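Heads up: the sequence shown begins at 6 in the working numbering, then just goes up one per residue. For glycine and all other residues, C-beta sits at the position ideal for the given N, C-alpha and C. Computed from a prediction, not measured in an experiment: that's the story for all the values here. In what follows, a single structure is set out as C-alpha cells and then discussed.
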Amino acid sequence: QNLVNAAQSQNPGMAVGMMERALKGEVKAMFFVYATHIDLPDQRNLVRPAITKTFNVVQEIYRHAPNNLYADVIFPAATWGEVNGTYISSERRINICQQAAMPPKGCRPDLDMVIDKAKGIGKLLGLDMDKVLPYKKDANGFYDAEEVFRDVARASAGTDTDLTGILEVEKIDGKSPYEQLAELRGIQWPAPTYAIAKAGGTKRRYMMQEGDWPNRPYGYFRTKDGKVHFKLCHQDYSDRKALTAKLMEFGTKPGLYTIDHIALIKEARDKGLTPDLPDEEYRDRAWDKVPEDKYPYWLGLGVVYEHFHTAKSNRSPTTRRLVPEMYVEMHPEDAKALGIRDGDKVRLVTRRGAFQARAQVGTNSLVKPARNSVPRGYLFSPWNLSVADSADPRKNKWLVNATSSRIWDPVSGQVDFKKLACRVEKV
Numbered sequence: 006q007n008l009v010n011a012a013q014s015q016n017p018g019m020a021v022g023m024m025e026r027a028l029k030g031e032v033k034a035m036f037f038v039y040a041t042h043i044d045l046p047d048q049r050n051l052v053r054p055a056i057t058k059t060f061n062v063v064q065e066i067y068r069h070a071p072n073n074l075y076a077d078v079i080f081p082a083a084t085w086g087e088v089n090g091t092y093i094s095s096e097r098r099i100n101i102c103q104q105a106a107m108p109p110k111g112c113r114p115d116l117d118m119v120i121d122k123a124k125g126i127g128k129l130l131g132l133d134m135d136k137v138l139p140y141k142k143d144a145n146g147f148y149d150a151e152e153v154f155r156d157v158a159r160a161s162a163g164t165d166t167d168l169t170g171i172l173e174v175e176k177i178d179g180k181s182p183y184e185q186l187a188e189l190r191g192i193q194w195p196a197p198t199y200a201i202a203k204a205g206g207t208k209r210r211y212m213m214q215e216g217d218w219p220n221r222p223y224g225y226f227r228t229k230d231g232k233v234h235f236k237l238c239h240q241d242y243s244d245r246k247a248l249t250a251k252l253m254e255f256g257t258k259p260g261l262y263t264i265d266h267i268a269l270i271k272e273a274r275d276k277g278l279t280p281d282l283p284d285e286e287y288r289d290r291a292w293d294k295v296p297e298d299k300y301p302y303w304l305g306l307g308v309v310y311e312h313f314h315t316a317k318s319n320r321s322p323t324t325r326r327l328v329p330e331m332y333v334e335m336h337p338e339d340a341k342a343l344g345i346r347d348g349d350k351v352r353l354v355t356r357r358g359a360f361q362a363r364a365q366v367g368t369n370s371l372v373k374p375a376r377n378s379v380p381r382g383y384l385f386s387p388w389n390l391s392v393a394d395s396a397d398p399r400k401n402k403w404l405v406n407a408t409s410s411r412i413w414d415p416v417s418g419q420v421d422f423k424k425l426a427c428r429v430e431k432v
C-alpha cells in the first residue's frame with residue numbers, strides 16, 4: 006500500500022514544478038543522486054535560484070560535478086565496477102552489473118546510502134525500520150543488492166513491468182535472480198510467469214506480440230480497453246500570438262509560475278503552439294541593428310554523439326579533441342545577413358538568458374564538428390558542453406539551458422528545448 010500511495014502522490018509540474026515550489030519556499034530540501042541540475046530549463050531564473058534556497062544533499066563520484074557547488078552535504082558514492090546491482094537498457098533488458106573492485110575508503114554504493122537515509126528518516130517518524138527495510142549488511146559493510154532486487158520484483162506484481170516470473174524460476178529451479186540474469190544475458194520486462202522469465206522475458210510488446218497470462222493488467226496497450234489512444238492536437242493559430250505571449254512571460258516575470266497556470270499550458274499544447282515565437286520581421290538585419298527586445302531566430306538545443314551527457318566525458322582528451330568548445334550551427338545566408346563570420350565568437354540571447362558559442366557556418370566550417378546543414382532562420386547548439394568551460398556560475402559562459410523555456414508537457418513533464426526564439430550578438 007505504501008508503494009501505491011507513493012505512485013499516486015501528486016507532483017504538479019513534475020521536475021519544473023518541483024523547482025517552482027522550491028522557489029516559492031514550499032520544497033525545503035532536495036536529494037540529488039546521479040543527476041545534474043544543469044539538464045533542467047531556465048537555469049538563471051528558476052533552477053539555480055531554487056536550489057540556492059533549499060537544503061541540498063548530493064551523492065556524487067565527481068569532484069567537479071555542478072551539483073557540488075550548491076550542496077550543503079556531499080556523500081562520496083561508489084561508481085560502476087565498484088558495486089553490485091542491475092541496470093535496464095532501452096530495449097527493456099534488465100542485466101547484472103557485477104562488482105570488480107572495492108570502492109575507495111569512505112565511498113559507498115548509492116543503494117546503501119539511500120537505505121541508510123531512509124532508515125534514519127523512518128526512525129524519526131516513529132516507524133519500525135527493521136520491518137520496513139529489513140536489509141542487513143555483509144562482511145564488507147554493504148547491503149545485498151540481490152536481496153533488494155527480489156523486493157523490487159515482488160513490488161512489480163500486476164504492473165506492466167511485472168518481474169515476478171523471475172521469483173517463480175528461483176522457487177522452482179533454485180536459480181537466484183542474478184544467476185538467471187547472468188545466464189540469459191539479461192531478461193526483458195515484463196516477465197510475469199515462470200515460462201516467460203525462463204525464456205528471457207518478453208521480446209516484443211504490443212501489436213498482439215506479447216502473449217497472455219493470468220491477471221494481466223492491460224490489453225494489447227496500457228489502457229483500460231486495451232486499445233491505443235492518440236490525442237490529436239488541432240494546430241489552431243487563431244490566437245497564437247496572444248497565447249504565446251503569455252507563455253513567453255514565464256522566466257521573465259518574478260512570481261509567475263507554470264504550476265499556477267496549468268490550464269494555459271494545456272490550451273497551448275492542444276493548439277500545437279510553441280513556447281516561444283521569433284520576431285521574424287527583424288531576421289535579415291545585421292546583428293547590431295536588431296533591437297535588444299527582439300529575437301528573430303529559432304534556436305534548438307540538443308546533443309552531439311561525441312560526448313555523453315554533460316560532466317561525464319568532457320574532460321576526456323579524445324572527446325574534447327573531437328568537439329572542443331561550445332558552438333552554434335548557422336546557415337551561411339543567415340551568417341552573411343548578421344555580419345557573422347565562421348569562427349566568430351557569438352552570444353545567443355533569449356528572453357530568459359544567454360550563452361556564448363563559436364559560430365559554425367555551414368558544413369565547410371573550421372569549427373568542429375561541422376557536419377549538419379541547418380535551415381535558414383534556425384540555429385542549433387548542443388548542451389553536452391554546458392559546463393565544459395567551468396561549472397562555477399561566475400565563470401560559466403556555455404550553459405545553454407540559461408536560454409531554454411520552462412513550459413512543460415502536461416502528460417510527460419518534458420519541456421521543449423527545440424523551439425526557442427533568440428537574438429545573435431557578436432562578442
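For residue i: DSSP bridge partner residues
i	result
V62	F36 and V78
F360	L353
L425	L304
E430	R352
W413	V420
G206	Q193
Q15	Q15 pairs with nothing; no bridge assigned.
Q365	E334
K142	Y148
Where the beta strand (DSSP E) through residue i begins and ends
i	result
Y383	Y383 to P387
N100	R98 to C102
E25	That residue, E25, is in no beta strand (DSSP E); its alpha helix (DSSP H) goes M19 to K29.
T91	G90 to I93
Nearest residue (CA-CA) to residue i, options the options
i	options	result
Y67	W85, Q365, P54 and T57	W85
L353	P374, M331, S370 and L371	M331
V2	P54, G231, A364 and A273	Limits of the chain in this structure are 6 at one end and 432 at the other, which puts residue 2 out of reach.
N89	A196, E152 and L248	E152
R98	N50, I126 and Q193	Q193
T57	R26, E87 and A200	R26
F60	A76, Q48 and D289	A76
A55	N377, K29 and F36	K29
S94	I345, E338, G191 and K299	G191
P296	I270, A40 and E285	E285
A407	D339, S318, R356 and Q15	R356
Y92	L116, G418 and P109	L116
D167	Y242, V366, V372 and D217	D217
I171	R381, M24, P182 and V119	P182
Local Cβ density within 10 Å of residue i, reported as buried at 16 or more and exposed below that
i	result
G111	exposed
A82	buried
V78	exposed
S391	buried
G256	buried
N10	exposed
L404	buried
K236	exposed
Y211	exposed
R346	exposed
A34	exposed
C427	buried
R399	exposed
R411	buried
H42	buried
A393	buried
N- and C-terminal bounds of the alpha helix (DSSP H) containing residue i
i	result
E334	Not the alpha helix (DSSP H): E334 falls in the beta strand (DSSP E), residues Y332 to M335.
M134	M134 to V137
Q274	Looking at the sequence provided, one finds Arg at residue 274 rather than Gln. Run containing R274: I267 to D275, per the alpha helix (DSSP H) assignment.
I126	D115 to L129
F154	A150 to A160
A247	R245 to L252
L172	T169 to D178
T166	Taken as a continuous stretch (DSSP letters only), T166 belongs to no alpha helix (DSSP H), as it is neither H nor E.
P322	P322 to L327
Test: residue i CB closer than 8 Å to a CB of chain E
i	result
G418	This model lacks chain E altogether; it includes just one protein chain.
Supposed close pair residue i, residue j - CB separation, criterion 8 Å
i	j	result
V21	T263	6 Å
H314	N389	7 Å
W303	E430	Contact doesn't hold; Cβ gap of about 16 Å is too wide.
L248	E254	That belief does not hold up - the Cβ atoms of L248 and E254 are roughly 11 Å apart, past 8 Å.
M335	L371	Rounded, the Cβ-Cβ distance is 13 Å, inconsistent with contact.
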